[in-house]
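Reading through the structure tokens given below for one structure.
Residue numbers (my numbering): 400 to 630.
In structure tokens:
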């Protein structure tokens with residue numbers, strides 16, 4: 400075989416290999432360019448999914464009930480405006496850091512709501528201790544112990560309630576809590592014989608003891624006849 404034929408043989412063999420090798424990078428480039436948008440679309444989809452999950456997982460804020468509560472409190476304060484005015488005046492003069500409030504007979508519960516909301520305008524709820532002595536439903540009242548407890552807790556105050564007759568309940572208060580700063584007596588307890596035994600344990604000289612006398616609340620000396628003093 401001549402040298403020319405040998406040269407042409409090797410020349411034909413090299414051309415397809417070089418062409419094939421040149422085509423492979425081109426194909427790889429096409430595949431890579433096609434894969435890049437796919438990866439970008441996948442990342443975008445995941446990002447949108449993440450944003451959707453965040454939006455769905457966030458709870459909707461509850462509608463505030465401030466207006467209804469405020470309306471109820473204002474109605475109670477208006478009904479017991481005389482008492483609230485005297486308490487507001489006393490708190491302003493005494494400026495106590497903490498306060499123990501004792502209510503003898505809670506009635507329909509609105510008085511406690513009016514009194515405590517008035518005191519809370521000056522003293523934080525966590526600094527107020529409230530005690531209530533009443534027979535509640537056991538004495539035929541429409542106000543149940545459970546409902547009244549829930550009502551006071553709604554003001555942010557943890558009540559201490561004594562569902563029993565007045566003298567027994569006040570004896571428990573004297574032994575467990577001691578002297579109170581404000582005593583609201585709607586049962587005329589201050590004028591009875593039992594009051595003489597408990598007055599010193601329930602009230603100090605600085606305590607404010609108010610008794611419900613007709614349409615007014617007057618400051619009295621516990622353990623004796625009602626004697627008006629400037630309130």
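The beta-carbon is built from N, C-alpha and C at its ideal position, and this holds for glycine as well. These numbers were taken from a predicted model, which means no experiment stands behind them.
Given residue 559, which residues of its chain have a CB within under 6 angstroms of its CB, disregarding the five upstream and five downstream residues?
Within the chain shown, residue 559 is the residue found at index 160, counting from 1. Same-chain partners within the cutoff: 530.
Return the chain-ordered list of same chain residues with a C-beta closer than 7 angstroms to the C-beta of residue 602, the five sequence neighbours on each side being excluded.
Mapped onto the chain shown, residue 602 falls at position 203. 578, 579, 582, 608, 621, listed in sequence order.
Just verifying my parser: in three-state terms, what is the DSSP assignment at residue 540?
As a position in the chain shown, residue 540 is number 141, starting the count at 1. Residue 540 falls in the coil class under three-state DSSP.
Using only the alpha-carbon positions, how far apart do residue 630 and residue 571 sit?
Here residue 630 refers to the residue found at position 231 when the chain shown is read from its first residue. Here residue 571 refers to the residue found at position 172 when the chain shown is read from its first residue. Any reading at residue 630 must be qualified, since the residue scores a pLDDT of 42, below 50, and its modelled position is unreliable; no value is offered.
Within 10 angstroms of the Cβ of residue 541, are there 16 or more other Cβ atoms? Answer buried if so, exposed if not.
Sequence index remark: in the chain shown, residue 541 carries index 142 (1-based). By the 10 Å Cβ count, residue 541 comes out exposed.
Just confirm the distance between the C-beta atoms of residue 510 and residue 479, as a whole number of angstroms; I'd bet it's less than 8 angstroms.
Here residue 510 refers to the residue found at position 111 when the chain shown is read from its first residue. Here residue 479 refers to the residue found at position 80 when the chain shown is read from its first residue. The pair is a contact, with the Cβ atoms about 5 angstroms apart (cut-off 8 angstroms).
In its own chain, which residues sit with a C-beta less than 6 angstroms from the C-beta of residue 507, not counting the 5 before and 5 after it?
Here residue 507 refers to the residue found at position 108 of the chain shown. 542, listed in sequence order.
List the residues that DSSP assigns as beta-bridge partners of residue 566.
Position 167 of the chain shown, counting from 1, holds the residue named residue 566. According to DSSP, which records beta bridges pairwise, residue 566 is partnered with nothing at all.
Leaving out five residues on either side along the sequence, give the residues of the same chain with a beta carbon under 8 angstroms from the beta carbon of residue 614.
On the chain shown, residue 614 is found 215 positions in, with the first residue counted as 1. Result list for residue 614: 481, in chain order.
What are the start and end residues of each continuous beta strand (DSSP E) run of 3 or more residues lying completely inside the region 541 to 614, in chain order?
559 to 562, 579 to 584, 602 to 612
Out of 599, 502, 521, 513, state which residue places its alpha-carbon closest to the alpha-carbon of residue 494.
Along the chain shown, read from residue 1 onward, the residue named residue 494 stands at position 95. That would be 521, whose Cα lies nearest to the Cα of residue 494.
Within 10 Å of its beta-carbon, does residue 574 have 16 or more other beta-carbons around it, so buried, or fewer, so exposed?
Looking up residue 574 in the chain shown gives position 175. Its Cβ having fewer than 16 others within 10 Å, residue 574 is exposed.
Limits of the unbroken beta strand (DSSP E) element including residue 393:
Only positions 400 to 630 of the chain appear in this structure, which leaves residue 393 out of reach.
Measure the C-alpha to C-alpha separation of residue 524 and residue 555 and round it to an integer number of angstroms.
Taking the chain shown and counting its residues from 1, one reaches residue 524 at position 125. Taking the chain shown and counting its residues from 1, one reaches residue 555 at position 156. Looking at the two C-alpha atoms, the distance is approximately 6 angstroms.
Where does residue 553 land, buried or exposed, given buried means 16+ other C-beta within 10 angstroms?
Taking the first residue of the chain shown as position 1, residue 553 is located at position 154. Looking at its Cβ environment, which holds fewer than 16 other Cβ atoms inside 10 Å, residue 553 is exposed.
Taking the continuous beta strand (DSSP E) assigned at residue 500, which residues delimit it?
Walking along the chain shown from the start, residue 500 turns up at place 101. That run of the beta strand (DSSP E) goes 498 to 503.
Terminal residues of the continuous alpha helix (DSSP H) containing residue 490?
Indexing the chain shown from 1 puts residue 490 at position 91. Here the alpha helix (DSSP H) through residue 490 covers 480 to 493.
If you run the structure through DSSP and keep just helix, strand and coil, what is residue 534?
Within the chain shown, numbered from 1, the residue matching residue 534 stands at position 135. If DSSP states are grouped into helix, strand and coil, residue 534 belongs with coil.
Going along the chain, which residues of its own chain have a beta-carbon closer than 8 angstroms to the beta-carbon of residue 616, five neighbours each way excluded?
If you number the chain shown from 1, residue 616 lands on position 217. So the list reads 481, 482, 485, 583, 609, 610, 630, once near-sequence residues are dropped.
8 angstroms Cβ cutoff met for residue 526 and residue 472
Taking the chain shown and counting its residues from 1, one reaches residue 526 at position 127. Taking the chain shown and counting its residues from 1, one reaches residue 472 at position 73. The answer is no: Cβ separation not under 8 angstroms.
Outcome for residue 539 when other beta-carbon atoms lying within 10 angstroms are tallied against a minimum of 16:
Taking the chain shown and counting its residues from 1, one reaches residue 539 at position 140. Exposed, because fewer than 16 other Cβ atoms sit within 10 Å of the Cβ of residue 539.
Length of the line joining the Cα atoms of residue 374 and residue 513:
Summary: the structure shown does not reach residue 374, with the chain confined to residues 400 through 630, and so no result is reported for it.
Inter-residue Cα distance where the pair is residue 544 and residue 562:
For the purposes of this step, residue 544 is identified with residue 145 of the chain shown, where counting begins at 1. For the purposes of this step, residue 562 is identified with residue 163 of the chain shown, where counting begins at 1. Residue 544 and residue 562: Cα-Cα distance of roughly 7 angstroms.
Between the C-alpha atoms of residue 588 and residue 502, what's the straight-line distance to the nearest angstrom?
If you number the chain shown from 1, residue 588 lands on position 189. If you number the chain shown from 1, residue 502 lands on position 103. Distance between the alpha carbons of residue 588 and residue 502 is about 11 angstroms.
Note down the Cα distance separating residue 470 from residue 594, rounded to an integer number of angstroms.
The residue labelled residue 470 in the question sits at position 71 within the chain shown. The residue labelled residue 594 in the question sits at position 195 within the chain shown. C-alpha separation (whole angstroms): 37 angstroms.
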